[in-house]
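Structure, as structure tokens:
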Amino acid sequence: MDINDKISQILTQVEQMQAQSRDELEQLRIHYLGKKGEITALFDEFRTLSKEQKAEIGASLNALKNLTANKLQEMRAGYDEQQAAENKLDLTRSAEPIALGTRHPLSLVKEEIIDIFSRVGFTVEEGPEVEDDKHVFGMLNFAPEHPARDMQDTFFVEKEEGVQKPTDILLRTHTSSVQTRVMTTQKPPIRVLCPGRVYRNEAISARAHCFFHQIEGLYIDKNVSFADLRQVLLYFAKEMFGEDTKIRLRPSYFPFTEPSAEMDISCNICGGTGCGFCKGTGWVEILGCGMVDPNVLEACGIDSKEYTGYAFGLGVERITNLKYRVKDLRLFSENDVRFLRQFSAC
Ligand code: PHE
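According to the numbering used here, the stretch in the sequence shown is residues 20 to 365, in order.
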């Protein structure tokens, strides 16, 4: 086959050439234009020709080379475009690394407490954080001059700008206010949990804050006794801190309960033998409780001769401290992600 035939044969091939992939494209380039490629070989052959023949063939050989190079270039560009389009919809690409959020430790503990009490029939009620004196103090048997009403302990809300006192609008200091709302609007039997944020006028430190979270419980029915209260609290302590947990009730005072008590649990760090955490006593205080004072029932329109009830109130921060050993209360409200991320596995 003379060189002219070879040129026209390759020309037909090149005009029809197609590639299914970038690899195939590269194979074609090597096949025609590579060091040992067919067109390269023609140039080698060209060099052996006579002057006349060179003049005759040179142009068409060059044209073949350029056509091939252009065609390969065109096909490559097509691939680049296709690749770019595909990249936009590349379903195999890994997802953006968006960090998963975590639940706040106080929310985790709140949910756990609600879950434990809901298993024995308690339902959740919520109420306003900005309250009136009547629901926070008055109906709960606080004497008119009770020190809790002092501005040192309670945040009052100015009704009119600049007019501080007397005002009966305040930030609730406990969620017992929700209990008075429930007692005045529902008929016994009542079995509710009242979770929520409460406010007290305290200097902020590692051990005190101007707001914190409570969950208070209330059960009112015929023949509710102190034994029922003790039983439900023992159940809660064992569910929350483990089967071996013991409880002890110490006499205390709250205006709205009579008798009143504070409950300790056996220290969940040393198991009751005494350690730095429980100051060597083996016990840690976790909540206040008592039998609802008949004055409170009457103030809320419930017949205290027919009904009795118990109430208890616990601090969510306190329980969280015991469960997760968080020593500084301020961590709960600083939103430091290094603190919050530690609860991702909880
Ligand atoms: N309300 C009390 C407090 O804020 C807690 C409590 C609730 C005590 C119910 C007894 C009964 O400290």
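Backbone N, C-alpha and C define an ideal beta-carbon position, used for all residues, glycine too. None of these values were measured; they are calculated from a predicted model.
So what's Pro-214 in DSSP terms, helix, strand or just coil?
Note: Pro-214 maps to strand in three-state DSSP.
Quick check on DSSP: helix, strand or coil for Phe-156?
Coil.
In chain order, what residues of the same chain lie with their CB nearer than 8 Å to the CB of Ile-76, ignoring the 5 residues before and after it?
Ile-22, Asn-23, Ile-26, Phe-65 and Leu-68.
C-alpha gap between Gly-299 and Thr-186, whole angstroms:
Looking at the two C-alpha atoms, the distance is approximately 45 Å.
Compute the minimum distance between the beta carbon of Val-217 and the heavy atoms of the ligand PHE, and state whether it is under 8 Å.
Answer for Val-217: yes, Cβ within range of the ligand PHE.
Alpha helix (DSSP H) segments (min. 4 residues) lying fully within the segment 110-152:
Every alpha helix (DSSP H) of 4 residues or more that sits fully in the segment 110-152 is shown, in chain order, as 124-137.
When every heavy atom of the ligand PHE is checked, does at least one fall within less than 8 Å of the C-beta of Cys-229?
No, Cβ of Cys-229 sits at least 8 Å from all heavy atoms of the ligand PHE.
Close beta carbons around His-165, own chain, < 8 Å, minus the five adjacent residues each side
The residues are Phe-156 and Pro-274.
Look at the alpha carbon of Leu-350 and the alpha carbon of Tyr-343, and state the distance between them as a whole number of angstroms.
Here the alpha carbons of Tyr-343 and Leu-350 stand approximately 12 Å from one another.
Check whether the Cβ of Phe-245 lies closer than 8 Å to any heavy atom of the ligand GTP, and answer yes or no.
In the structure shown, the ligand GTP is absent; the only ligands present are the ligand PHE.
In chain order, each beta strand (DSSP E) run of at least 3 residues that lies wholly inside the segment 291-328
Runs found: 302-311.
Among Asp-355, Ile-338 and Glu-148, which residue has its Cα nearest to the Cα of Glu-131?
Comparing Cα positions, the closest option is Ile-338.
Have a look at the DSSP bridge pairing and note the partners of Gly-77.
Per DSSP, none; premise fails for Gly-77.
Straight-line gap, Lys-257 to Lys-178 (C-alpha atoms, nearest Å):
CA-CA distance, Lys-257 to Lys-178, rounds to 46 Å.
Using 10 angstroms around the beta-carbon of Cys-229, count the other beta-carbons present and answer buried if the total reaches 16, otherwise exposed.
Burial state of Cys-229 is exposed, judged by a 10 Å Cβ sphere holding fewer than 16 other Cβ atoms.
Kindly list the residues whose CB is nearer than 8 Å to the CB of Met-259, restricted to its own chain and excluding five residues on each side of it in sequence; keep chain order.
Beyond the five residues adjoining it in sequence on each side, Met-259 comes within less than 8 Å, by CB distance, of Glu-131, Ile-132, Ile-135, Ile-338 and Lys-342 in the same chain, given in chain order.
Thr-264 bridges to which residues according to DSSP?
DSSP, once it has assigned bridges, lists no residue as partnering Thr-264.
Check whether the segment 270-287 and the segment 302-317 touch, using three or more Cβ-Cβ pairs below 8 Å as the test.
Taking one beta carbon from each stretch, the segment 270-287 and the segment 302-317 have 3 or more pairs nearer than 8 Å; the two touch.
Tell me the rounded alpha-carbon separation between Thr-13 and Val-139.
Nothing about residue 13 can be read from this structure; the chain reaches only from 20 to 365.
By DSSP's criteria, Glu-281 is part of a beta bridge. Which residues make up the other side?
Answer is Arg-269 and Gly-307, bridged to Glu-281.
Would you identify the three-state DSSP class for Gln-28, choosing helix, strand or coil?
Three-state result, Gln-28: helix.
Taking Asn-189 as the reference, give the member of Thr-276, Asp-322, Asn-340 and Tyr-218 with the closest Cα.
First, the amino acid is wrong: residue 189 is Leu here, not Asn. Answer by Cα proximity: Tyr-218.
Environment of Lys-129 [buried if 16+ CB atoms lie within 10 Å]:
It is buried - the Cβ of Lys-129 has at least 16 other Cβ atoms within 10 Å.
Whole angstroms is fine: what's the gap from Gly-320's alpha carbon to Asn-314's?
Going by the C-alpha atoms only, they are around 10 Å apart.
Residue burial classification, Lys-84 (beta-carbon count within 10 angstroms, cutoff 16)
Buried: at least 16 other Cβ atoms inside 10 Å.
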